[in-house]
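Read through the structure below, which is laid out as structure tokens, and then see the notes.
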Amino acid sequence: MTALNNTISGSGPAPAESLQMTQVLTQPIFLASASPRRHQLLTQMGIVHDILQVPAPPGEDEPLLPGEHPASYVKRTAREKAERAVAHLHSSGLSPRPILTADTTVMMGPLLLGKANTDNDVRDALAALSGQTHQVHTAIVLAWRERLYEDVSITSVIMKPLTAHEIDWYVRSGEGIGKAGAYGIQGLASAFVESISGSYSGVMGLPLFETCRLLGRAYSASD
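In my numbering, the protein residues as written are 2 to 224.
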């Protein structure tokens, strides 16, 4: 696959035939992600998959382009991951199968909170999120038969006001390292989350409803 010039958005209702869960669950796919949480979520759903190890480009998280909406940003970065994964699959000689990629970012107003790499990153992010509402954007992209299928989940999260002691405790746990927004909602940070409106699995890094819908749409279109 040298060119992926057809991108199909996941907005709107899926065709009835795409809701056939048998194919969604039994068609093997590649998950091009090192995230153990995404692997865990696919396993939880019973979706047959293998991990495709794709070398990541050097550098930090890519910044927002001027005027770029957060949902457009995560779709763009997830598409770039899919394109790299397709190229890697071709060069590896592995048999083709659908490739799923995802990207997650946390936004609080205009502030983009990417993955935390250090304890100071975690401390700064939690201080910013304390007592505030933020949005978690997770985009998913499926590369299959010369096409890219994409969808995005947007979830609002309210975090309680955090004391300095609570922030220090969480920093010492090490849980926030490597996570968008510097926290994991499925772990210790669940004690900090007052409420969410949207997809819990999307905050974890892979919105399962949207993922199953996207797989169904892709398989229906390729029949």
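Where a beta carbon is used, it is the ideal one built from N, C-alpha and C, also for glycine.
Can you tell which of the options has the C-alpha that lies nearest to the C-alpha of residue i?
i: Pro99; options: Thr78, Tyr201, Leu32 and Ile168; result: Leu32
i: Ile178; options: Trp145, Ala140 and Ala117; result: Ala117
i: Met205; options: Met22, Asp122 and Gln45; result: Gln45
In whole angstroms, give me the CA-to-CA distance for residue i and residue j.
i: Gln24; j: Pro59; result: 36 angstroms
i: Ser131; j: Glu176; result: 17 angstroms
i: Lys82; j: Thr102; result: 6 angstroms
i: Thr105; j: Ser157; result: 13 angstroms
i: Pro16; j: Ser202; result: Unreliable positioning characterises Pro16 in this predicted model, as indicated by a pLDDT of 49, which lies under 50. A coordinate reading is not provided.
i: Arg218; j: Phe210; result: 12 angstroms
i: Ser34; j: Val55; result: 8 angstroms
In chain order, what residues of the same chain lie with their CB nearer than 6 angstroms to the CB of residue i, ignoring the 5 residues before and after it?
i: Tyr220; result: Gln24
i: Gln187; result: Met205
i: Met108; result: Pro71 and Gln136
i: Arg85; result: Val55
i: Ala144; result: Ala83, Val87 and Ile100
i: Pro29; result: Val49 and Arg98
Quick check on DSSP: helix, strand or coil for residue i?
i: Thr119; result: coil
i: Leu130; result: helix
i: Tyr201; result: helix
i: Tyr184; result: coil
i: Thr139; result: strand
*Length at least 4, wholly inside the segment 26-70: the alpha helix (DSSP H) runs in chain order*: 37-46
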